[in-house]
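Novice:
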């Protein structure tokens, strides 16, 4: 069996592995309103990637719950179900997209990892 994995999928997979090994690191939550007011965030194209970034930034606890759940498990389904209101709040008005749990997980892992590292580096710089 040959498995092909694109760069972003490999990065997300490795990000998820890092998150699971370093569960104590969690980004600091920001409000959805503050994120949507950010000009850099406003310029991102609508879609799964932007929504996943928003979810990781505004609901790090819920994001961690999704990422810690076994893929395909009832726990993952419950975690994603709990995150639906946050996902809706993070989706640009009028945007239509198809997102399954695997796609959400891959994008979420990548953004959660980046935000965790940024938070850890900022915290280390304060000491």
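In this note's numbering, the protein residues as written are 224 to 350.
Ideal Cβ placement from N, Cα and C applies to all residues, glycine included.
Given a threshold of 16 other Cβ atoms within 10 Å of its Cβ, counted over all protein chains shown, does residue 275 qualify as buried or as exposed?
Specialist: On the chain shown, residue 275 is found 52 positions in, with the first residue counted as 1. Answer is buried; the Cβ neighbour count reaches 16.
Novice: Just the Cα atoms here: how many angstroms apart are residue 250 and residue 281?
Specialist: Counting from 1 along the chain shown, the entry for residue 250 is found at position 27. Counting from 1 along the chain shown, the entry for residue 281 is found at position 58. If I take the Cα positions, the gap works out to 9 Å.
Novice: Which runs of the beta strand (DSSP E), 3 residues or longer, sit entirely within the region 270-338?
Specialist: The qualifying runs do not exist here; there are none.
Novice: With C-beta atoms as the reference, is residue 331 less than 8 Å away from residue 290?
Specialist: Taking the chain shown and counting its residues from 1, the one referred to as residue 331 is at position 108. Taking the chain shown and counting its residues from 1, the one referred to as residue 290 is at position 67. It is a contact, given that the beta carbons lie within the stated cut-off.
Novice: May I ask you to report which of helix, strand or coil DSSP gives residue 257?
Specialist: Mapped onto the chain shown, residue 257 falls at position 34. Reduced to three states, the DSSP call for residue 257 is helix.
Novice: CB residue 262 to CB residue 335, shorter than 8 Å?
Specialist: As a working note, residue 262 is residue 39 in the chain shown. As a working note, residue 335 is residue 112 in the chain shown. It is not a contact, given that the beta carbons lie outside the stated cut-off.
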